[in-house]
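Input: a single structure, listed below in structure tokens.
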Amino acid sequence: MSISIHLGELDQEDVQALLALHVAAMHAHSPPEACHVLPGSALAHPAITFFTAREAGRLLGIGALKELGGGEGEIKSMRTAPSALGGGVGRTILAAITAEARSRGYSRLLLETGRSEHFAAANHLYDRAGFTECGQFGGYPASDFTRFLCLEL
């Protein structure tokens, strides 16, 4: 698989469809008080850099990097297209986001995710990439469902 990374593309129809799938899945598999998924329109914010992964034009996955200030960034909206699961797409997007964070001089990357079985593959990806448990950030409330992770850069 030859995966290419692109910036932007939020206005693309296939991206909007994958974002809609992502938002629906987050609402379906997260308690309402712990569901912090951003709708597609919020990802157009100037503090957010949006990434897509494609192969021969076919959308494989998405992810975003939000600048938090103070040398920190947050990973948002990571999702692999159902047809591309298991092909290393998540790892490729995560590597692109991490590389961008390093190029900006960030000291660490943060993310908030769930603990349920629905999030097992994502948690495995983050654990393998070296993310470790950390404290709350960004105003997210703590809960038994929520997992806060960071990667020191």
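Using our numbering, the letters of the sequence shown map in sequence onto residues 2 to 154. No residue lacks a Cβ here, since even glycine has one placed at the ideal position from N, Cα and C.
Here DSSP, grouped into helix, strand and coil, assigns residue 20 to helix.
Minimum Cα-Cα distance from residue 95 among the listed residues 38, 70 and 52 corresponds to 52.
Here residue 152 really is in contact with residue 131; their C-beta atoms are around 6 Å apart, less than 8 Å.
Distance from the CA atom of residue 23 to the CA atom of residue 100, rounded to whole angstroms, is 24 Å.
The way I'd put it, the segment 101-108 does touch the segment 56-72; three or more beta-carbon pairs between them come closer than 8 Å. Taking 7 Å as the cut-off, the Cβ atoms of residue 54 and residue 90 count as close. Per the DSSP secondary-structure output, residue 5 pairs in a beta bridge with 55. The DSSP assignment places 121-129 as complete runs of the alpha helix (DSSP H) inside the segment 95-139, in order along the chain (cut-off: 4 residues). With 16 or more other Cβ atoms inside 10 Å of its own Cβ, residue 82 counts as buried. Looking at the DSSP output, residue 66 bridges to 50 and 76. Sequence-distant Cβ neighbours of residue 119 in its own chain, meaning closer than 7 Å and more than five residues away, are 30. Residue pairing from DSSP leaves residue 146 without any beta-bridge partner. Cα atoms of residue 32 and residue 146: separation of roughly 8 Å, rounded to the nearest angstrom. DSSP, read as helix, strand or coil, puts residue 153 in strand.
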